[in-house]
Structures are given as structure tokens and as C-alpha cells.
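Chains as they are written, first to last, in the working numbering: chain A, 1 to 115; chain B, 1001 to 1114. By construction, the Cβ of each residue, glycine as well, lies at the ideal position given by its N, Cα and C atoms. Each remark here refers to the structure printed beneath this line.
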């Protein structure tokens, strides 16, 4: 298993540009989520999905869109990048079958800079 | 809503010193508690977790944490740190429901001097 993979690893955008951060997992996990990591603020949840076709907002959803057309993929879209979106983005997944005794697995992260 | 507070933002220790990182949470029900570690340039890895049972939880690399329900705390400890423990440590909480979100604390950056 490759686990949770993310592309790209690094990205520089200009204000107003759009882009999609890719996330994929090969563990057949139902639950997938996107976090952003900023110094001193830990990880904050942007959006999450409990299964294909189902998405919901987390703590800081503004400026980001998601979709979940397959179990494996959960892309994060920035429609019009802003400097405030400069951050490190982590995708995560976990199984929800079997209840709460399930570890969350994280991808390697994407470091995004918006100029 | 659940929240997590980590008291120390930066900790500097010498090798062989003992470590304790504080974590307090707020949540109205039963919780699952986690400590994650992020080594420089790497992604988050699970250090240990508490779901139920013995409140003293042992994790990887000699780390342990104690859940004190009355204090809403889940402090991380290690008797003797090594230079390789230099990393950022995150406490996280999830409500006792399979679909509930994981909420992270702000993180503690640990530097161990050789």
C-alpha cells in the first residue's frame, strides 16, 4: 500500500491563480479530510468527506472547494489563491467501519506559497 | 465544540533530560486522545492514543501519556530524551463518535541539544 499520497510537494502561485491539490489513498478508507498547518495554530480542518459523493465543511473552509467522486481521491481546489492561503496542506484518511478505534493516516503534505 | 490547548510552544532540553508536554482539552462527552509527532520535513506520525481502559498509555520510542479525566488533560512524557526526538508534537482529540472530526492543539516544538 502506498498509503496517502499528495501532489505536488511544493507549489508557488500568484494571487488570483487557481490550482488543485491532489490527494489519493489506496486503503479503501471512507473518511478523508484536508488540513492546513500554520505556525502556532496546529492543524485546522478545511473540508472532510465521509464517503464518495459526500463532503462537508470543517473549521476553515472559505476559499476552498472539494469533491469526492471516488473513494480513492479527494482533491482540494483553490479557485482564486490569496496570500493568506500560504500554508502546508495535509490530506488524511481513516476507516470508519469498526467504529472509533481507527487511526488517521496523513499524507506527506504540500507546501503552498501564494505571492 | 471541542478544543485542545498545548501550553508550551517551544521547549529546549539537553539530551537525557526528562520531558513533559502539557495538553488540555475541552469536550462535553467521551473522547479519544492522540499525540502525533512531526519530524523536520516529514508528515505527521501517530505517537500514541487513548480510547479507554488504563489511563497510562505507552507509545513508540519510549513515550507515554496519562489521561486524567478530572483535569481534562493528556500530558506526554518521556524519561530521557534524545537528540533524535527533536520534532514538533501535536495533541489531538476526537469526540467518541466514528464520524467526529479530529481537533489539534497548536503544537509544541521540541529541540534537544546534543
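Residue i versus residue j: straight-line alpha-carbon distance, rounded
{"i": "residue 22 of chain A", "j": "residue 103 of chain A", "result": "21 Å"}
{"i": "residue 37 of chain A", "j": "residue 43 of chain A", "result": "5 Å"}
{"i": "residue 71 of chain A", "j": "residue 39 of chain A", "result": "31 Å"}
{"i": "residue 53 of chain A", "j": "residue 1080 of chain B", "result": "48 Å"}
{"i": "residue 1047 of chain B", "j": "residue 61 of chain A", "result": "28 Å"}
{"i": "residue 94 of chain A", "j": "residue 69 of chain A", "result": "17 Å"}
{"i": "residue 967 of chain B", "j": "residue 1050 of chain B", "result": "Here chain B comprises residues numbered 1001 to 1114, so residue 967 of chain B is not present and cannot be evaluated."}
Test item: CB-CB of residue i and residue j under 7 Å
{"i": "residue 78 of chain A", "j": "residue 34 of chain A", "result": "no"}
{"i": "residue 90 of chain A", "j": "residue 63 of chain A", "result": "no"}
{"i": "residue 1055 of chain B", "j": "residue 1063 of chain B", "result": "no"}
{"i": "residue 1112 of chain B", "j": "residue 1002 of chain B", "result": "no"}
Where the beta strand (DSSP E) containing residue i begins and where it ends
{"i": "residue 1101 of chain B", "result": "Note, residue 1101 of chain B: premise wrong, no beta strand (DSSP E); not H, not E."}
{"i": "residue 1012 of chain B", "result": "1010 to 1014"}
{"i": "residue 74 of chain A", "result": "From DSSP, residue 74 of chain A is part of no beta strand (DSSP E); its letter is neither H nor E."}
{"i": "residue 46 of chain A", "result": "42 to 51"}
{"i": "residue 1109 of chain B", "result": "1108 to 1113"}
Cβ of residue i within 7 Å of any chain A Cβ
{"i": "residue 1106 of chain B", "result": "yes"}
{"i": "residue 1098 of chain B", "result": "In this predicted model, residue 1098 of chain B has a pLDDT of only 49, less than 50, meaning its place in the structure is not dependable; the value taken from the coordinates is given anyway. Closer than 7 Å to some Cβ of chain A, the Cβ of residue 1098 of chain B qualifies, so yes."}
{"i": "residue 1007 of chain B", "result": "no"}
{"i": "residue 1043 of chain B", "result": "yes"}
{"i": "residue 1067 of chain B", "result": "no"}
{"i": "residue 1076 of chain B", "result": "no"}
{"i": "residue 1013 of chain B", "result": "no"}
Beta carbon proximity, residue i to chain B, threshold 7 Å
{"i": "residue 19 of chain A", "result": "no"}
{"i": "residue 24 of chain A", "result": "no"}
Open item on the list: With three or more beta-carbon pairs closer than 8 Å as the criterion, would you say the stretch 2 to 13 of chain A touches the stretch 36 to 48 of chain A?
Closed with: Using a C-beta cut-off of 8 Å, the stretch 2 to 13 of chain A makes no contact with the stretch 36 to 48 of chain A, since fewer than three inter-stretch Cβ pairs fall below that distance.
Task: Given 8 Å, three or more beta-carbon pairs between the stretch 1077 to 1088 of chain B and the stretch 1030 to 1040 of chain B - done: Contact holds: three or more Cβ-Cβ distances are below 8 Å.
- [ ] Spell out a yes or no on whether the stretch 1005 to 1019 of chain B and the stretch 1101 to 1110 of chain B are touching, meaning 3 or more CB-CB pairs, one atom from each, closer than 8 Å.
- [x] Touching, yes, given that three or more Cβ pairs across the two stretches are closer than 8 Å.
TODO: Take every Cβ of the stretch 1065 to 1077 of chain B, pair it with every Cβ of the stretch 1016 to 1024 of chain B, and state whether three or more of those distances are shorter than 8 Å.
DONE: Verdict: yes, contact present.
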